[in-house]
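Those letters in the sequence shown? Residues 206 to 329, per the numbering used here, in order.
Where a beta carbon is used, it is the ideal one built from N, C-alpha and C, also for glycine.
For reference, the structure is listed below as structure tokens.
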Amino acid sequence: MLAFLDSQELDDRLERWADWARSPEEGSVGSAVGYMKEHLDPAADSDVMTDEIVITERAIARAKNEDKSYCRVIKHYYLGRESFAEIAGFFNLSEYSIKHLFGEAKGRIGWHIFDIERVFDKTQ
């Protein structure tokens, strides 16, 4: 039975996605590293693109189609490992506004993961 991810599960999943996206291996071609456009330290053993990574990447792309800011704040937090204060400076917004945007982005990504997994489950 499918269920929504709780906040910690979603955070862990986004961390695994970020580890994969930072990987310099072939499995990450076309991933977040391509549009991050800055050097990031690669994560170890993250070159395998699992179903979880594919679904998470697709969910992030869907959220980006809704609002590009969702994708940008997620990239800065998970890929860039930046604090909310650093992200606020980049966006020229208050830290409170960034935390709110981050929460919205995670919520939308969580919904899209649920929706994609629901469809994926039906095809299995």
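Three-state secondary structure assigned by DSSP to residue i
i, result
"Phe209", "coil"
Nearest-angstrom Cα separation, counted from residue j out to residue i
i, j, result
"His281", "Leu219", "12 Å"
"Glu331", "Ile318", "Lying outside 206 to 329, the shown extent of the chain, residue 331 is not represented and no answer is given."
"Asp256", "Gly312", "20 Å"
"Phe296", "Trp225", "25 Å"
"Gly308", "Lys273", "14 Å"
"Asp216", "Ile292", "17 Å"
"Phe325", "Val259", "11 Å"
"Val278", "Leu306", "8 Å"
"Met254", "Tyr275", "23 Å"
Under 8 Å between C-beta atoms of residue i and residue j
i, j, result
"Ala268", "Ala310", "yes"
"Arg263", "Ile321", "yes"
"Trp222", "Thr261", "yes"
Contacting residues, own chain, Cβ-Cβ under 6 Å from residue i (five flanking each side not counted)
i, result
"Phe289", "Glu300, Ile303 and Lys304"
Cβ neighbours of residue i in the same chain (closer than 7 Å, five flanking residues each side left out)
i, result
"Phe209", "Gly315 and Phe319"
Which listed residue (the options) has its alpha carbon closest to that of residue i
i, options, result
"Leu284", "Ser228, Leu298, Gln213 and Glu214", "Ser228"
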